[in-house]
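Under UniProt numbering, read the sequence shown as residues 1 to 139, first letter to last.
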Amino acid sequence: QAVVLVLGGAAEALDTKAGRYVLTIRRRKGFFRIAMQKGTPLVPSFGFGENDLWDWMYKKLTFSTPIFSGRGVFTYNFGMLPFRRPVYTVVGEPVEVTQKDHPTSDDIEELKERYIAALRALFDKWRPRLQPNAELIIL
């Protein structure tokens, strides 16, 4: 049995640009706290190419808006379907978590930093082969 948690939300959705990945993790604590309470390892994973699936209107309007375009059913230039681009998902080694019923803020921060370091290492390991010009920003 495994639980899969996909990081991201509205902030990440509106800040997607091809080859640039902005992940808001540092201010999130809930899933780190739950992992500690359950003693469940966290497995870092990353999807190279995800931000290349849609052409956000940001490029055309120069300001962020939730309007996007992809390809159509009968045309490739405009539509609501994602573009055909490769997405490579890589999975790292589990970040071991010590079970604590009542983790402190310091416990949560320590786990968060270990997870971020593992995610960054995974990105840095695979970037040269999968998307050499990609940039990862962790907020």
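Don't be surprised by glycine CBs; every beta carbon is placed ideally from N, CA and C.
Since the model is a prediction, treat every value here as computed from it, not as a measurement.
If we ignore side chains and look at the alpha-carbon of each, how far apart do Ser-69 and Lys-100 end up?
Only weak support exists for where Ser-69 lies, its pLDDT of 49 falling under 50; the coordinates are left without a value.
Cβ contact check for the region 89 to 103 and the region 13 to 25: 3 or more pairs under 8 Å
no
Would you kindly work out how many angstroms separate the C-alpha atoms of Gly-30 and Gly-19, rounded to a whole number?
28 Å
Where does the unbroken beta strand (DSSP E) through Leu-139 begin, and where does it stop?
Note, Leu-139: premise wrong, no beta strand (DSSP E); not H, not E.
Give a yes or no on whether the C-beta atoms belonging to Val-87 and Gly-47 are separated by under 8 Å.
yes
Could you tell me which of Ser-45, Ala-121, Leu-111 and Lys-38 sits nearest to Gly-8, measuring between CA atoms?
Ser-45
At 4 residues or longer, what runs of the alpha helix (DSSP H) sit wholly inside the region 15 to 61?
30 to 38 and 58 to 61
Give me whichever residues DSSP pairs with Tyr-88 in a beta bridge.
Phe-48
How far does the alpha helix (DSSP H) with Ala-118 in it extend, from its first residue to its last?
105 to 130
Which same chain residues, not among the five before or five after Ile-116, have their C-beta less than 7 Å away from its C-beta?
Ile-25 and Ile-138
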